[in-house]
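Position in the sequence shown (first residue = 1) + 87 = our numbering.
All residues carry an ideal CB built from backbone N, CA and C; glycine is no exception.
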Amino acid sequence: MALVVLGASAFLLPFMVSAASWSSPFALASGDSKPAVAVDDAGTQHYVWWAGGKVQYSKCTGQGGNGCSSPENLPTKGSSYYPSIAIDPQGRPNVVFESKTNDANKYSVFWTRKQGNTWVSPKKVSSEPYSELPDIAIGPGGAIHVIYQSKQNGTGYVYYTKSNGGFEFSAPEALENAPSEAPLAEFGELAEQGKAAEAMEGSQISNGLYPRIAADQNDDAHAVWNLPGPGYGIKYRYQVSGNWKKAKTAGSGQKDQTPDVAVAPNGSVGIIWGTYDDFNAAFAEFTNGNKDNSVSDIDGGLGQSLWPKISSDCAGNFHFVFQGSVAADSKWNVYHRAYDPSTNSLGGRETIADLGQSEQTPAVDARSIIAVVYTQTTNGIVDAATANLNLNCNGATATPTFTPSPTNTPDPNITPTVTPTPGDALTLANTAKCASYDGVETDCIHYRKAWKKYDAAKATDGNYSRCDDGAACPKRAAAKIYLPEGYTQVKWFTAKAKTYGKVNVWINDVLAETLDMCQGSKGVAPKFVNLQYNIPARNDGQPRTFEIGVPGRHSSCSPYNSNYVTVDGFEILP
């Protein structure tokens, strides 16, 4: 592959991510409590909350309070509280909530969905007494995951149920049973009496397990909850191919309670929770069940903070929101911080709401935009705010030049044919040098973490770069290129081998697919292949990008502990 050195305008250095520009808070309804939010692919925000024992819903098609519908009551089976919402692949809002029932169970969990202009009749999904505090998540394949807690004779249970499309749910499965030395709260009764800690002034926390759930790209569930007092502690369980793994401890030792969980497109799991011995918040990141990083002091020096929540945008960044007080006796405001897992960097604290009132119990969801909703408890108003993250969440579809197989392997010594379109194809060897925007010579391929150069007769230019720190390819290693203006395709020259692992393909900073670089290989010697991708134009003013990112995941086809990834160069086509 011949080396091409590009001109001054061909490649740009990486852009810095700026802070979100938040809209002014806008009111959704009055006299209401404990809201939740879900953002769909089009950026429409779907909000739910409870009001006087009714669950209400509103959606906003625009940002900053534009295009918001009037609140509508959902069909319920009695006094109803604590709704949660998720959007299915068809763009329909699905809601779970707890309702008071006229039987020995006292409170049960129900599910409903909006189909067209009508909410379907609520479906009861729980069968245990005092089934409360439900949460819902829906995977890209449409699997509906529901989690909730149950109080039974001084023991707190966490239950899980699943549906592959609604209406029929699996029998509830117990994920946890934890005896409590202190009385467990009856959340529905407290809400009906107007005494729910989540809807009251100050920092009261009712004794409960507060389960939360998220879904990954494989439709598997990730669940978190806290143990009851006085021991407390945050537990995390996750599925692999629908089967639950053993629970892990995410946090302990600080009266750890009220967790929340989100899964990034690349599979990274973010967990946030309150540390109520010092009224702060903490965060942990997991991959394949292993803790990769943790951060304390999430509130950044406030007098107190509580009720933290988390979401992931389509680029894989985590977003934290929480209520906080500058001094322990001051009013509560709502704050936001972003976390970039690729660099383990925590952004600055941003104030979303500071109206001189008490803004509390926020919820958050993010895709290309981020929406935060909360209760202004001083006046009993549900407020929201939005920000445009300037992300292209549409991704792109890979178009392989062939299907690599033992009987269909192209000759790696042949230089790829230039596409007969205006402008020349640009070929980049794995160690090519280019001119940056200021004319300074820099690497054409921006490598992150450990990459080593290896000689191989069948590699382009006789050598290739392999992600390798001596034993494996470290998590978050990457190789990224920026496309010059007028170029719309990338051909990635790479290799497969039994010592190779999984790799994420990011197009315009959005996860496009995950590949297994062990599959299709016969031995440890690299088998050189190439894959071609279309790179659509971006709508955020930034150049097209193509990135090979390493999630640090082992291939099930490999008998080795290594998980190498190779870059043998790129070809950029008009």
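Please return the same chain residues whose Cβ sits closer than 6 Å to the Cβ of histidine 641, not counting the five positions on each side in sequence.
The residues are Gly588, Asn650.
Taking arginine 631 as the reference, which of Pro227, Cys644, Ile622, Arg563 has the closest Cα?
Ranking Pro227, Cys644, Ile622, Arg563 by Cα distance to arginine 631 puts Ile622 first.
Of the choices Lys201, Ala301, Gly243, Leu660, whose alpha-carbon is the least far from that of alanine 349?
Checking every option, the nearest Cα to that of alanine 349 belongs to Ala301.
Between the beta-carbon of valine 611 and the beta-carbon of threonine 586, is there less than 8 Å?
Taking 8 Å as the Cβ cut-off, valine 611 and threonine 586 qualify as a contacting pair.
Determine contact between the region 254–271 and the region 172–179, defined as no fewer than three beta-carbon pairs at a distance below 8 Å.
The answer is no - the region 172–179 does not touch the region 254–271, with fewer than three Cβ pairs under 8 Å.
Can you round the beta-carbon distance between valine 413 and leucine 389 to whole angstroms, since I take them to be within the 8 Å contact cut?
That belief holds up - the Cβ atoms of valine 413 and leucine 389 are roughly 6 Å apart, short of 8 Å.
Using DSSP with H/G/I as helix, E/B as strand and the rest coil, what is proline 499?
Note that proline 499 scores a pLDDT of 34, beneath 50, so its modelled location is shaky; the value from the coordinates is reported in the next line. Three-state DSSP puts proline 499 in coil, outside helix and strand.
Taking just the CA atoms, how far does glycine 243 sit from glycine 152?
Distance between the alpha carbons of glycine 152 and glycine 243: 39 Å.
Considering alanine 278, what are the terminal residues of the alpha helix (DSSP H) in which it resides?
Per DSSP, alanine 278 belongs to the alpha helix (DSSP H) from 274–279.
Helix or strand or just coil, what does DSSP make of threonine 547?
Here threonine 547 sits in helix by DSSP.
Does the Cβ of proline 668 have 16 or more other Cβ atoms within 10 Å, making it buried, or fewer, making it exposed?
Since the first residue of the chain shown is 88 and the last is 661, residue 668 is not available in this structure.
For serine 77, which beta-bridge partners are listed by DSSP?
Since the first residue of the chain shown is 88 and the last is 661, residue 77 is not available in this structure.
Which residue spans inside the region 447–476 form an unbroken beta strand (DSSP E) run of at least 3?
Qualifying beta strand (DSSP E) stretches, in chain order: 456–463, 468–475.
Write down the C-beta distance between threonine 163 and phenylalanine 184 rounded to the nearest angstrom, noting that I regard them as a contact closer than 8 Å.
So it is a contact: roughly 7 Å between Cβ atoms.
Quick check on the burial criterion: 16 or more other C-beta atoms within 10 angstroms. Buried or exposed for glutamine 280?
When all chains shown are included, glutamine 280 counts as exposed.
Comparing alpha-carbon positions, which option in Ala371, Gly361, Lys342 lies nearest serine 355?
Considering only alpha carbons, the answer is Ala371.
Applying the criterion that 16 or more other CB atoms from any shown protein chain within 10 Å of the CB defines a buried residue, is glutamate 446 buried or exposed?
Counting Cβ neighbours within 10 Å, glutamate 446 comes out buried, since at least 16 surround it.
Please go through the same chain and pick out, in chain order, the residues whose beta-carbon is closer than 8 Å to the beta-carbon of proline 493, but skip the five residues on each side of it.
Its pLDDT being 29, under 50, proline 493 is placed unreliably in this model, and the value from its coordinates should be taken loosely. Contacts found: Gly607, Lys609.
Are the beta-carbon atoms of tyrosine 426 and alanine 440 separated by less than 8 Å?
Contact flag unset, no.
What is the DSSP secondary structure of leucine 99, reduced to helix, strand or coil?
Confidence at leucine 99 is low in this model, with a pLDDT of 33, below 50, so the placement of that residue is unreliable and no value is reported for it.
Could you check whether aspartate 452 and glutamine 463 sit closer than 8 Å to each other, using their CB atoms as the reference points?
It is not a contact, given that the beta carbons lie outside the stated cut-off.
Apart from the five residues on each side of it in sequence, which residues of its chain come closer than 7 Å, Cβ to Cβ, to leucine 433?
Val382, Arg424, Tyr426, listed in sequence order.
Near lysine 562, what residues of its chain come up, given a Cβ to Cβ distance below 7 Å and the 5 sequence neighbours on each side ignored?
Thr374, Asp379, Val637, Pro638, Gly639, listed in sequence order.
Touch check for the region 304–312 and the region 224–238: three-plus C-beta pairs under 8 Å?
Taking 8 Å as the limit for Cβ pairs, the verdict is that the region 224–238 does touch the region 304–312.
In terms of residue numbering, what span does the beta strand (DSSP E) encompassing leucine 47 cover?
Nothing about residue 47 can be reported from this structure: the residues present for the chain run from 88 to 661 only.
With a cut-off of 8 Å on the beta carbons, I'd call arginine 454 and aspartate 400 a contact; round off their distance for me.
Their Cβ separation, rounded to whole angstroms, is 6 Å, which keeps arginine 454 and aspartate 400 in contact under 8 Å.
Please state the DSSP three-state secondary structure of lysine 609.
DSSP places lysine 609 in coil when its eight states are reduced to three.
Roughly how many angstroms separate the alpha carbons of serine 345 and phenylalanine 366, rounded to a whole number?
Residue identity differs from the one stated: residue 345 is threonine in this sequence, not serine. So the two alpha carbons sit approximately 12 Å from each other.
Which value, in whole angstroms, describes the spacing of the CA atoms of isoleucine 594 and asparagine 294?
Isoleucine 594 and asparagine 294: Cα-Cα distance of roughly 45 Å.
Alpha carbon to alpha carbon, how far is glycine 376 from valine 233? Give it in angstroms, no decimals.
Cα to Cα, the separation comes out at about 21 Å.
Going by DSSP, name the residue or residues bridged to leucine 393.
In the DSSP output, where bridge partners are listed per residue, leucine 393 has Gln410.
According to DSSP, is lysine 282 part of a helix, a strand, or is it coil?
Of the three classes helix, strand and coil, the one that applies to lysine 282 here is coil, per DSSP.
Roughly how many whole angstroms lie between the Cα atoms of glutamine 629 and aspartate 556?
Answer to the nearest angstrom: the Cα atoms are 32 Å apart.
With burial defined as no fewer than 16 other Cβ atoms inside 10 Å of the residue's Cβ, what is the status of glutamine 239: buried or exposed?
So glutamine 239 ends up on the exposed side.
Is serine 171 buried or exposed, if buried means 16 or more other CB atoms sit within 10 Å of its CB?
When all chains shown are included, serine 171 counts as buried.
Cβ of isoleucine 456 within 8 Å of Cβ of glycine 149?
No. Outside cutoff.
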